[in-house]
């Protein structure tokens with residue numbers, strides 16, 4: 237299998253240092269916006285540099301849809317059991 241990567245999409249991991257209170261406040265702001273701290277920092281840098289974003293943080297999709305009350309994490313064993321039972325009937 238050959239993998240092709242778009243250079244504009246690839247990200248590089250970096251480390252930053254900041255005062256504890258600044259970090260606390262930034263994490264709160266990111267939470268208020270419903271995004272990760274990393275995405276919050278990326279957006280600030282992009283805005284400051286006057287660039288347009290070519291991609292987004294996939295975490296922005298979380299919480300957009302109604303699960304209908306389903307909790308797969310809590311009910312997965314029961315759900316898998318039901319699926320196996322239905323398949324065994326066929």
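Numbering (the working numbering), first residue to last: 237 to 326.
Note that CB positions come from ideal geometry on N, CA and C, so glycine has one too.
Note that the structure is predicted; figures quoted are calculated from it, not measured.
>> Let's test the definition: count the other Cβ atoms within 10 Å of the Cβ of residue 316 and tell me whether it reaches 16, buried, or not, exposed.
In response: exposed
>> Tell me which residue opens and which closes the alpha helix (DSSP H) that residue 267 is part of.
In response: 256-269
> From residue 268 to residue 310, what distance separates their C-alpha atoms?
Replying inline: 26 Å
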